[in-house]
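To keep things clear, I will list the structure first and then write my remarks on it.
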Amino acid sequence: MTRSASEIIGSVRSDDPLAAHTPEVLWGTRADSAHKTKEKPTARTTPWWSWCNLLSLDAPVISFVWALLFARCYRASLSIPEAVVLFLSVWVIYVTDRLLDGWKIHYRSHLQERHLFCTRHRLPLAALAICATAVSLCLTAKFFTPHEIFAGLNLALLVALYMLAIHAGPISLPRYLPKELAVDLLFTAGTTLPLWSPNIGLPSQNWLSVALFAALCSLNCLSIECWEFRSPPDSWRCMPHLVRWANSRITLIAAVLAIFALLSIFVIPGTAASTPLLLAIALSALIILLLNRSRHHFSRLALRVLVDVALAAAGSLALLIHT
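All residue numbers for the sequence shown refer to this note's numbering, where the first residue is 180 and numbers rise by one.
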């Protein structure tokens with residue numbers, strides 16, 4: 180555990196493109212490089228703090244925490260079956276997306292550790308995804324109202340279209356259809372499903388907090404994409420224009436989002452119920468700002484884990500305050 184913690188706080192892996200400024204990576208050799216070929220390669224251990232990310236559990240946890248926060252702030256109902264279906268559905272979507280990423284041979288050079296993990300364990304993960312889907316369908320048929328089922332089917336159709344476009348469309352499609360925005364909108368719609376599914380609509384007083392939460396999710400996705408800077412130099416040119424534009428502006432975007440969320444509490448009328456949500460959004464944005472400012476001190480995997488921990492922790496703190 181001590182070794183793993185040191186990897187989070189103070190280490191940057193040699194394969195991290197963000198470490199390209201160090202002399203060791205610049206020259207590609209060390210004084211003892213001649214002796215390295217004679218040594219047996221050591222087994223690469225998986226840090227304990229990365230398992231939630233590798234198992235695709237981070238996004239379902241964030242979705243559950245924020246769905247519960249939205250429901251508590253606006254006095255909406257989030258029953259146990261709804262929470263279970265939300266958690267399982269988000270997990271199935273993320274696992275399926277990563278399995279499909281690993282299926283495409285031309286894309287494997289760009290895969291991160293979480294995608295490689297899903298590729299190595301694709302059979303048990305696919306079986307678990309099928310079981311989770313079956314459980315979700317049974318719970319939906321037994322406990323959900325017709326309005327909720329209709330809203331869920333509409334959202335499932337959008338997710339299916341997204342999967343088809345990203346994984347079966349042209350290779351150049353992600354340049355013109357930013358994956359980060361698509362994932363953000365679908366994730367926000369799924370997380371706030373208990374708010375708008377009963378009446379197939381979102382009350383006007385909820386729009387501000389939902390829009391800012393969507394902006395926070397976009398910031399999360401854009402930050403991860405920029406921090407996981409692809410190692411082949413030419414691949415950066417093929418990335419969506421939105422990601423390239425945001426690469427040098429993550430700090431500014433996070434600061435603007437945090438300030439706007441805080442000002443909304445005092446300036447915009449009718450936001451009293453949204454105060455815990457707006458505070459959680461501002462706190463998450465500030466943590467992303469700090470992570471971006473110190474990104475060269477962390478490995479890519481550590482950044483990926485910490486940014487998701489920021490969202491989950493901020494939402495959990497807001498829940499405790501609102502209780």
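Every residue, glycine too, gets a C-beta built ideally from N, C-alpha and C.
Computed from a prediction, not measured in an experiment: that's the story for all the values here.
Quick check on the burial criterion: 16 or more other C-beta atoms within 10 angstroms. Buried or exposed for PRO455? So PRO455 counts as buried.
Do the CB positions of VAL148 and ALA311 come within less than 9 Å of each other? There is simply no residue 148 to check, as the chain begins at 180 and stops at 502 in what is shown.
Give the straight-line distance between the Cα atoms of PHE296 and SER235, rounded to the nearest whole angstrom. Roughly 10 Å between the two C-alpha positions.
For ILE309, which residues from the same chain have a beta carbon less than 8 Å from its beta carbon, with the 5 sequence-adjacent residues on both sides left out? Nothing meets the Cβ criterion.
Span of the alpha helix (DSSP H) holding SER443? Where SER443 is concerned, the enclosing alpha helix (DSSP H) stretches over 429–446.
Using 8 Å as the cut-off, can you tell me whether the stretch 482–492 makes contact with the stretch 454–469, which would need three or more C-beta pairs spanning the two stretches below that distance? Touching, per the Cβ criterion.
Report yes if the C-beta distance between SER453 and ASN399 is below 9 Å; otherwise report no. Taking the C-beta atoms as reference points, ASN399 is found no nearer than 9 Å to SER453.
Can you find at least 3 beta carbon pairs, one from the stretch 364–379 and one from the stretch 435–451, that sit closer than 8 Å? Too few Cβ pairs lie closer than 8 Å, so no.
Buried versus exposed, by CB contacts within 10 Å (16 or more), GLY369: So GLY369 ends up on the buried side.
From ARG293 to HIS300, what does the alpha carbon distance come to, in whole angstroms? About 11 Å.
Could you check whether LEU480 and PRO226 sit closer than 9 Å to each other, using their CB atoms as the reference points? Taking a C-beta distance under 9 Å as the contact criterion, PRO226 and LEU480 qualify as a contact pair.
Taking buried to mean at least 16 other C-beta atoms within 10 Å of its own C-beta, is ARG277 buried or exposed? Counting every other CB atom within 10 Å of its CB across the protein chains shown gives ARG277 a total of 16 or more, marking it as buried.
First and last residue of the alpha helix (DSSP H) that includes ASN471? First-last of the alpha helix (DSSP H) with ASN471: 454–472.
So LEU265 packs on ALA250, CB below 8 Å; how close in whole Å? Contact flag wrong, Cβ pair sits at about 11 Å.
Taking only three categories from DSSP, how would you classify SER235? When secondary structure is reduced to three states using DSSP, SER235 falls in the coil class, being assigned neither helix nor strand.
Minimum C-alpha distance to GLU261 - residue among ALA306, TRP230 and CYS317: Per the Cα distances, CYS317.
Going by other Cβ atoms of all chains shown within 10 Å of its Cβ, with 16 needed for buried, is ALA306 buried or exposed? With fewer than 16 other Cβ atoms inside 10 Å of its own Cβ, ALA306 counts as exposed.
Please go through the same chain and pick out, in chain order, the residues whose beta-carbon is closer than 7 Å to the beta-carbon of VAL263, but skip the five residues on each side of it. LEU318, listed in sequence order.
Alpha helix (DSSP H) containing GLY494: first to last residue? According to the DSSP assignment, GLY494 belongs to the alpha helix (DSSP H) that extends over 479–501.
Below 7 Å CB to CB, which residues in the same chain sit around ILE508 once its five sequence neighbours on both sides are set aside? Since the first residue of the chain shown is 180 and the last is 502, residue 508 is not available in this structure.
Cutoff 9 Å: ARG474 Cβ touching any chain C Cβ: No chain C appears in the structure shown, which is made up of a single protein chain.
Other residues of its chain near LEU337: CB distance less than 8 Å, five sequence neighbours each side excluded: Contacts found: LEU365 and ALA368.
Below 9 Å between beta carbons: does that hold for LEU441 and LEU469? Contact: no.
Cβ neighbour criterion (16 or more within 10 Å) applied to GLY449: It counts as exposed.
For ALA308, the three-state DSSP class (helix, strand or coil): Residue state, collapsed to three classes: helix.
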